[in-house]
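Residue numbers (this note's numbering): 13 to 264.
Even glycine gets a Cβ: it sits at the ideal position worked out from N, Cα and C.
Since the structure comes first, as structure tokens, the remarks are kept for the end.
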């Protein structure tokens, strides 16, 4: 039986990254796109609970949802969409995101959260991002996605674990290969930009410019900086076990 591959993202259903990814993955099975109807970057793992969700069919096997990436996975997997998927997905692939999702970024990322939602549902899931600012080579990134997805379809993933994949900017160099990495630590610095509108009222932009990071050897940041694809296994259990005994001994 053909594998069923569910593809989503946070850049929107018409994003070049998701279209390139879906096209490449068709050689591995039946591909279904269920993605936001517009950009939902930094939506994190939010669900839409305060209003109804609308679904629009764009073309065969392509549907847009006026909600978050997490909404999209939830609707598709739980079968609310009236049998769009012939069966439960064999894998969820989120991306390919325009821009990296490295270190602390994973807590904000709708791309990563779509894969996390799939993992919560017991489906092997991968988030894919391009750590570039422009000139996104989605074709090359999609070819790597096919290699990785084929392997995960064959071998599965450890329980409660998703893969966060970042592909470096390849304008001036070839990708060397890949590294299995851990999350680094992004240093945001002065991430708030204050401006004044024509009426004299202040407004603000959130977001830093330069990629500064710490964490050292074997981090996702280090891999990207050195021209390697970064593959970071992320576990759903966020318990800090090293602090467990210390805090357990507190007298509150």
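Query, Result
"Smallest Cα separation from residue 148: which of 20, 29, 24, 15?", "29"
"Leaving out the 5 sequence neighbours to the left and right, which residues in its chain are closer than 6 Å to residue 255 when beta-carbon positions are compared?", "none"
"Name, in chain order, the residues that DSSP records as bridge partners for residue 43.", "17"
"Need the endpoints of the beta strand (DSSP E) that residue 245 sits in, please.", "241–247"
"Report, in whole angstroms, the separation of the C-beta atoms of residue 158 and residue 40, which I expect to be a contact under 8 Å.", "7 Å"
"Is it right to say residue 75 is buried, meaning 16 or more other beta carbons lie within 10 angstroms of its own, or is it exposed?", "buried"
"Alpha carbons only, please: which of 190, 63, 51, 171 is nearest the one belonging to residue 107?", "51"
"Could you spell out where the beta strand (DSSP E) holding residue 109 opens and where it closes?", "103–110"
"Are the Cβ atoms of residue 208 and residue 240 separated by less than 8 Å?", "no"
"Cα separation between residue 91 and residue 247?", "26 Å"
"Counting pairs of Cβ atoms below 8 Å between the stretch 111–128 and the stretch 60–70, do you hit three or more?", "no"
"Just reading off the beta strand (DSSP E) that residue 57 is part of, what are its end residues?", "Unbroken run through residue 57: none, as it is neither H nor E."
"Along the alpha helix (DSSP H) that carries residue 82, what are the first and last residues, could you check?", "81–89"
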